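The next block holds one structure in the form of structure tokens; read it before the comments.
There are 2 protein chains.
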Amino acid sequence: MTDTLPIDADLEKSIRAAGLRVTAPRLAVLTALQSHPHTSADTIYADVEARAPGTALQSVYNALSDFVDAGLVRRIQPAGQPMRFEARVADNHHHLVCTSCGHVEDVDCVTGEAPCLHPADSRGFAIAEAEVTFWGMCASCRNPAVS
Amino acid sequence: MTDTLPIDADLEKSIRAAGLRVTAPRLAVLTALQSHPHTSADTIYADVEARAPGTALQSVYNALSDFVDAGLVRRIQPAGQPMRFEARVADNHHHLVCTSCGHVEDVDCVTGEAPCLHPADSRGFAIAEAEVTFWGMCASCRNPAVS
DNA sequence: CAACTATTTTGAAGCGATCAAAAGTAGGCT
DNA sequence: AGCCTACTTTTGATCGCTTCAAAATAGTTG
């Protein structure tokens with residue numbers, strides 16, 4: 001079986017299920033997200049250009065925004081860096097962000113059920129989501145190839 | 001005693017202790033941060049204008065940046081919103097951010113020692129800091145005064 | 001296939017933050 | 001006290017990312 005990643009037919013279904021029209025830009029964007037998790041709009045745009053030449057950058061933003069609204073894609077926005085997007089939305093995982101190069105990696109929450117994600121005093125807030133970000137230096141930034 | 005908030009003399013000491021020169025813009029910025037926690041550079045600028053007329057916006061950014069580098073101030077950057085700054089740096093607390101109005105509140109970590117702040121697999125990262133943000137709707141955004 | 005509406009495109013503007021160089025000033029030293 | 005030097009402020013411009021707006025295009029339903 002080769003269905004390790006959703007194939008186009010599945011992507012099309014996802015888009016349709018979200019109540020959105022299936023268009024070339026949207027398919028291209030969603031496909032790009034499968035192969036490159038945690039990418040910026042810019043990088044996605046480059047990838048989309050290859051799959052659907054002539055697609056406008058604005059359409060990439062549109063598609064991403066629509067997907068986020070529809071819950072198909074998650075938007076993460078590390079401080080001081082452009083937005084990044086990922087297709088992994090089902091589970092509640094967190095992110096390691098490199099303060100040097102901006103590289104992002106997924107981390108599953110150690111405790112599964114996220115114990116500290118329910119603050120004692122929510123100050124009248126209706127909490128919708130808890131986000132955990134770990135800041136540090138990634139392996140390659142710590143160990144640049146010595147020349 | 002009226003020393004509920006650090007007074008100017010203390011602020012001056014803090015700045016000096018950080019190895020920075022004491023200037024009017026810096027004092028004004030640090031003072032503004034005492035009274036208005038979680039404010040954006042813009043808001044701080046407005047406050048500073050009153051205390052030290054003629055101060056440039058750039059100087060506010062400079063001062064804030066220097067303070068952050070020196071560890072006197074913490075920079076928080078909620079997704080989709082301008083940077084905010086707070087003078088509370090000693091303890092490890094987290095933030096509630098209103099998705100509607102952007103209002104930020106402090107929350108102390110329930111468990112004190114932040115159990116989920118040590119991911120099982122750090123993927124080669126040298127983790128410097130863990131940041132927890134709760135997203136939701138604040139009380140006033142949930143309950144707008146019924147007209 | 002026609003019509004309606006969502007979506008894409010194009011071009012531009014907006015915003016917050018940052019850069020760069022010149023003018024000014026705090027703090028140490030004599 | 002006054003000078004000197006390095007650090008800060010100021011001024012003005014610029015930059016990158018994202019969003020806005022209106023016209024053109026294309027997907028979907030009946």
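Chains as they are written, first to last, in full-length UniProt numbering: chain Z, 1 to 147; chain W, 1 to 147.
Even for Gly, the Cβ is constructed at its ideal location relative to N, Cα and C.
As the structure is a computational prediction, the values presented were derived from the model and not from experiment.
Excluding the 5 residues flanking it on each side, Ala-24/Z has same chain C-beta neighbours closer than 6 angstroms at Ala-52, in chain order. Counting only Cβ-Cβ distances below 8 angstroms, Arg-123/W has contacts in chain Z at Leu-96, Glu-105, Val-107, Cys-138, Ala-139, in chain order. Note that the C-beta distance between Leu-11/W and Asp-66/W is not below 8 angstroms. For chain W, the residues of the segment 60 to 89 of chain Z that bring a beta carbon within less than 9 angstroms of one of its beta carbons are Arg-75, Ile-76, Gln-77, Pro-78, Ala-79, Gly-80, Met-83, in chain order. By the rule that beta-carbons nearer than 8 angstroms mark a contact, Ala-24/Z does not touch chain W.
For the pair Asn-92/W and Val-48/Z, the Cα-to-Cα distance works out to about 41 angstroms. Put simply, the backbone Cα of Ala-50/Z is about 44 angstroms away from that of Phe-125/Z. Listed along the chain, the chain Z residues whose CB falls inside 8 angstroms of the CB of Ala-128/W are Thr-99, Trp-135, Gly-136, Met-137. For Cys-141/Z, no beta strand (DSSP E) run applies; the uninterrupted alpha helix (DSSP H) run containing it begins and ends at 139 to 142, by DSSP. Not a single CB atom of chain W sits nearer than 8 angstroms to the CB of Glu-49/Z. Look at Val-132/W: its C-beta is under 8 angstroms from a C-beta on chain Z. For Val-97/W, the beta-bridge partners assigned by DSSP are Val-104/W, Trp-135/W. Taken through DSSP and simplified to helix, strand or coil, Arg-16/Z comes out as helix. Spanning the alpha carbons of Ala-90/Z and Trp-135/Z requires a straight line of approximately 23 angstroms. Assignment of Thr-23/W by DSSP, reduced to helix, strand and coil, places it in the coil class. The beta carbon of Ala-63/W sits closer than 6 angstroms to those of Pro-25, Arg-26, Val-29, all from its chain and outside the five residues before and after it, given in chain order.
Taking C-beta separations shorter than 6 angstroms and ignoring five residues to either side along the sequence, Ser-140/Z has no partners in its chain.
The beta carbon of Arg-16/Z does not come within 8 angstroms of any beta carbon belonging to chain W, so the residue lies off that interface. Not a single C-beta of chain W is nearer than 8 angstroms to the C-beta of Arg-21/Z.
Between His-94/W and Phe-85/Z, the alpha-carbon positions lie close to 24 angstroms from each other. Counting C-beta atoms within 10 angstroms of its own C-beta, Val-22/Z has fewer than 16 neighbours from the protein chains shown and is therefore classed as exposed. DSSP places Phe-67/Z inside the alpha helix (DSSP H), whose first and last residues are 57 to 70. Per DSSP, the beta bridge partners of Phe-85/Z are Thr-39/Z, Arg-75/Z.
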